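Asker: Quick note: the sequence shown uses the numbering used here, first residue 1441, plus one each step.
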Amino acid sequence: MLAFPDVSPALQRARGHINPLSLLDILFEMRRTKWVSLNGAGILPEFQGKGGNALLYTEMQSTMSEFGFEHADLTQVAETAVQMRKDLVNVGGKAYKNHRVYRLAI
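1. Just to confirm the assignment: which complete alpha helix (DSSP H) runs, minimum length 4, are found wholly within the region 1500-1545?
2. How about LEU1528 and LYS1537: do their beta carbons lie closer than 9 Å?
3. Measuring only the C-alpha atoms, how far is GLY1508 from LEU1544?
4. DSSP three-state call for LEU1478: helix, strand or coil?
5. Can at least three beta-carbon pairs, one atom from the region 1478-1496 and one from the region 1446-1459, be found at a separation below 8 Å?
6. Distance check for ILE1546 and THR1473, CA to CA, integer angstroms please.
7. Roughly how many angstroms lie between the CA atoms of VAL1541 and ILE1466, to the nearest whole one?
8. Which first and last residues belong to the beta strand (DSSP E) in which PRO1485 is found?
9. Buried or exposed: which applies to LEU1464, given that a residue is buried once 16 or more other Cβ atoms fall within 10 Å of its Cβ?
In C-alpha cells, the structure reads:
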C-alpha cells in the first residue's frame, strides 16, 4: 500500500504552477492536512479469506491516527474488486468513483 498526505488544496491554490512559494505552501499543506490518499491497497489471493484484510485495515487506521490523519481517500479500487468494495462498506467507507478498464483493438 502507498499512502501520502493529500496536498490537493495547495496544488489548486497554485493552479498547478510550481514555484518556490507554491512549493512552500505544499510542504505546509503536508503537515496541516487531515486527509491521506491511499493507493494500491489489496490482499494477495493466497491470503484472502484468512483475516489479512482485518489486519490491513487495523494497521492502516492505527498508522493514520499516529500521524494525525482523520480521513482517507482510497483510490484506484477497480469496479470488479467485489471483496474490496464489501470490505470498505463494512468499515464505514463509501464508494463515490468507479474505475473501469476499456479495451479497443486498433
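Cβ coordinates follow ideal geometry from the N, Cα and C atoms, glycine included.
On a predicted model such as this, the values are computed, not experimentally measured, just so you know.
Answerer: So, to answer that:
1. Runs found: 1522-1530.
2. The residue labelled residue 1528 in the question sits at position 88 within the sequence shown. The residue labelled residue 1537 in the question sits at position 97 within the sequence shown. Cβ atoms of LEU1528 and LYS1537: not closer than 9 Å.
3. Position 68 of the sequence shown, counting from 1, holds the residue named residue 1508. Position 104 of the sequence shown, counting from 1, holds the residue named residue 1544. Roughly 44 Å between the two C-alpha positions.
4. Here residue 1478 refers to the residue found at position 38 when the sequence shown is read from its first residue. Collapsing the DSSP output to three states places LEU1478 in a strand.
5. Contact between the region 1478-1496 and the region 1446-1459 is not established, with fewer than three Cβ pairs separated by less than 8 Å.
6. If you number the sequence shown from 1, residue 1473 lands on position 33. If you number the sequence shown from 1, residue 1546 lands on position 106. Put simply, the backbone Cα of THR1473 is about 44 Å away from that of ILE1546.
7. Residue mapping note: residue 1541 aligns to position 101 of the sequence shown, counting from 1. Residue mapping note: residue 1466 aligns to position 26 of the sequence shown, counting from 1. One C-alpha to the other measures close to 32 Å.
8. The sequence position of residue 1485 within the sequence shown is 45, counting from 1. Taken as a continuous stretch (DSSP letters only), PRO1485 belongs to no beta strand (DSSP E), as it is neither H nor E.
9. Against the sequence shown, residue 1464 aligns to sequence position 24. Exposed, since its Cβ has fewer than 16 Cβ neighbours within 10 Å.
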